[in-house]
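**Q** Those sequence lines, one after another, are chains A and B.
The first sequence: position 120 = 125 (the working numbering), numbered continuously.
The second sequence: position 37 = 42 (the working numbering), numbered continuously.
2 protein chains.
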Amino acid sequence: MDSSIIDYISQFVKLTDDEAEILSSQNLFRQYEKNEILLAEGKYAKVCYFIIKGCVRSYYIKDGEERNTDFFFENQTIRPVSYQTKQPSEYYLSCLEECIVAIGDEARNRKLVEQIPKLFSLVAKMNEELLLQKQLELDHFKNNNPEERYLNLLENKPEFLDRIPLYHLASYLGITQVSLSRIRSRILNR
Amino acid sequence: MDSSIIDYISQFVKLTDDEAEILSSQNLFRQYEKNEILLAEGKYAKVCYFIIKGCVRSYYIKDGEERNTDFFFENQTIRPVSYQTKQPSEYYLSCLEECIVAIGDEARNRKLVEQIPKLFSLVAKMNEELLLQKQLELDHFKNNNPEERYLNLLENKPEFLDRIPLYHLASYLGITQVSLSRIRSRILNR
DNA sequence: TTAAAAGATTATCAAAAGCTAATAAGCAAC
DNA sequence: GTTGCTTATTAGCTTTTGATAATCTTTTAA
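So, in structure tokens, the structure goes:
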């Protein structure tokens, strides 16, 4: 049994042995191939994900082109917008690498929170933190040009550069692949 | 007594008369002049705000220039990043107009949630919703050019155009004032 | 090992944004 | 009114990005 989830949650709240047992017995693991789709546009997200291993890419289609919005790695939770809104998803979730993922559907999640009430405030805390990060990310994006944003990525998320192809990073940075390539060469020749 | 807060909360959860009474008796109102600073960079945010009347601008300084991050109007809650993180604020909050604001410090807020427990899940719900909005806002910002972003503002937040000077909107749109002016004339002559 | 596919860079040209400065319009105070 | 201050537009020039196409490199699979 993989203990990633228990380890992850234990960073934030103390779990009793019973609670840890509940968690580890409840979780459902699945393996996905590279490029396999977890969630497609138009579908309803019935589940949340916790990545044990691998990398998941979130994107949507604008003018026929994929626009990447997020990349998720090990020990990250994916709670699709569609899971929250109960509306058809506007986003795709697709595996950038072969992935091992823990999956929780709504009934399972609700039952878990009933059995371990402290999970409720943990989720609230995590959402607060996520909200904060999104705010900072948006502010940064608005007030820095593409070159600054690329340098910021190099500095703060080097794993993105290691594991994600540049042509995917380009739309994540809000620019074209060609422009990103020019920025990189501009930085090199300086 | 102003009933904005009660009315606002009642949209989301049913309040008993007792609970409404607790809320309306607890709240502290303050009036601020135009251009008065609610929170300055480097200060600790000890309180949250709920705007009864007026408009508050959030900004920070980059390269000596003000960069606007948000504008808050009537019936909006401001929960400063610094209030959440307990770190000195990187943002300013300043009144764009004369304002009437309800203020709640941490002790008061905590006590309120104790007396009216359903407020806890309300706040959690609101944070979820805010997170969703920020995600959409960020995605939109990344994948639309300045002209599209301006048109989107016209379409979806016309009150911004009515109540906020263009030179403040420019940095909110991630461009210069001059560029915004060009975009506007480009749209007109078409 | 070789061919095909995927990923990255370079070149050219047009469109848009930044920078700076000048000008114009709107509005409040005297 | 007219003076000053704030807000908005316009102009000239430079830099950057977008669009498209061609080329080069790396990875994958036969």
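From the three backbone atoms N, C-alpha and C, an ideal C-beta is built for every residue, glycine too.
Give the single residue among B:78, B:82, B:41 whose Cα lies nearest to the Cα of residue 14 of chain B.
**A** Position 9 of the second sequence holds residue 14 of chain B. Among B:78, B:82, B:41, the Cα nearest to that of residue 14 of chain B belongs to B:82.
**Q** Quick one: Cα of residue 165 of chain B to Cα of residue 61 of chain B, how far?
**A** Mapped onto the second sequence, residue 165 of chain B falls at position 160. Mapped onto the second sequence, residue 61 of chain B falls at position 56. Answer to the nearest angstrom: the Cα atoms are 12 Å apart.
**Q** Could you spell out the range, first to last residue, of the beta strand (DSSP E) harbouring residue 67 of chain A?
**A** Residue numbering aside, residue 67 of chain A sits at position 62 when the first sequence is read from its first letter. 61 to 67 is the extent of the beta strand (DSSP E) around residue 67 of chain A.
**Q** Please list, in chain order, the chain B residues whose beta carbon lies closer than 7 Å to that of residue 89 of chain A.
**A** In the first sequence, residue 89 of chain A corresponds to position 84, counting from 1. Under the 7 Å cutoff, chain B gives 133, 137.
**Q** Who are the neighbours of residue 74 of chain B on chain A, taking C-beta pairs under 7 Å?
**A** Residue numbering aside, residue 74 of chain B sits at position 69 when the second sequence is read from its first letter. Simply 144.
**Q** In whole angstroms, what separates the C-alpha of residue 75 of chain A from that of residue 177 of chain A?
**A** On the first sequence, position 70 is the one that residue 75 of chain A refers to. On the first sequence, position 172 is the one that residue 177 of chain A refers to. If I take the Cα positions, the gap works out to 7 Å.
**Q** Which residue from B:114, B:97, B:78 puts its Cα closest to that of residue 66 of chain B?
**A** Here residue 66 of chain B corresponds to residue number 61 of the second sequence, with the count starting at 1. Cα-wise, what sits closest to residue 66 of chain B is B:97.
**Q** Tell me, please, whether the CB atom of residue 86 of chain A is closer than 8 Å to any CB atom in chain B?
**A** Numbered from 1 along the first sequence, position 81 holds the residue referred to as residue 86 of chain A. For residue 86 of chain A, the answer is yes, since a Cβ of chain B falls inside 8 Å of its Cβ.
**Q** Taking 8 Å as the CB-CB cut-off, is residue 147 of chain A touching chain B?
**A** Within the first sequence, numbered from 1, the residue matching residue 147 of chain A stands at position 142. Yes, because at least one Cβ of chain B sits closer than 8 Å to the Cβ of residue 147 of chain A.
**Q** Bridge partners for residue 159 of chain B per DSSP, in chain order?
**A** Numbered from 1 along the second sequence, position 154 holds the residue referred to as residue 159 of chain B. Residue 159 of chain B pairs with nothing; no bridge assigned.
**Q** Let me check understanding here. Comparing Cα to Cα, which of A:180, A:79, A:195 lies closest to residue 147 of chain B?
**A** Taking the first residue of the second sequence as position 1, residue 147 of chain B is located at position 142. Checked all of A:180, A:79, A:195; the closest Cα to residue 147 of chain B is A:180.
**Q** Taking the alpha helix (DSSP H) that residue 113 of chain B belongs to, which residues open and close that run?
**A** For the purposes of this step, residue 113 of chain B is taken as residue 108 along the second sequence, with counting starting at 1. 111 to 120 is the span of the alpha helix (DSSP H), which, as asked, contains residue 113 of chain B.
**Q** Quick one: which residues of the region 160 to 186 of chain A get their C-beta closer than 7 Å to a C-beta of chain B? List them in chain order.
**A** Cβ contacts with chain B come from 179.
**Q** Under a three-way DSSP split, which group does residue 44 of chain A fall into?
**A** Within the first sequence, residue 44 of chain A is the residue found at index 39, counting from 1. Of the three classes helix, strand and coil, the one that applies to residue 44 of chain A here is strand, per DSSP.
**Q** Under the three-state reduction of DSSP, which class applies to residue 74 of chain A: helix, strand or coil?
**A** Looking up residue 74 of chain A in the first sequence gives position 69. Strand, per DSSP.
**Q** Give a yes or no on contact between the region 97 to 111 of chain B and the region 40 to 59 of chain B, applying the rule of three or more CB pairs nearer than 8 Å.
**A** Yes, the region 97 to 111 of chain B is in contact with the region 40 to 59 of chain B.
**Q** Which residues mark the beginning and the end of the alpha helix (DSSP H) in which residue 39 of chain B is found?
**A** Translated into positions along the second sequence, residue 39 of chain B becomes position 34. No alpha helix (DSSP H) contains residue 39 of chain B, which DSSP labels as neither H nor E.
**Q** Report buried or exposed for residue 190 of chain B, applying the criterion of at least 16 other Cβ atoms within 10 angstroms of its Cβ.
**A** Along the second sequence, read from residue 1 onward, the residue named residue 190 of chain B stands at position 185. Exposed, since its Cβ has fewer than 16 Cβ neighbours within 10 Å.
**Q** For the alpha helix (DSSP H) holding residue 135 of chain B, just list the boundary residues, first then last.
**A** Here residue 135 of chain B refers to the residue found at position 130 when the second sequence is read from its first residue. Element bounds for residue 135 of chain B: 123 to 147.
**Q** Please report whether the beta-carbon of residue 129 of chain B lies at a distance below 8 Å from any beta-carbon of chain A.
**A** Translated into the one-based positions of the second sequence, residue 129 of chain B becomes position 124. So yes, residue 129 of chain B belongs to the interface.
**Q** Per DSSP, what are the beta-bridge partners of residue 108 of chain A in this structure?
**A** Taking the first sequence and counting its residues from 1, the one referred to as residue 108 of chain A is at position 103. DSSP output for residue 108 of chain A lists A:33, A:54 as bridge partner(s).
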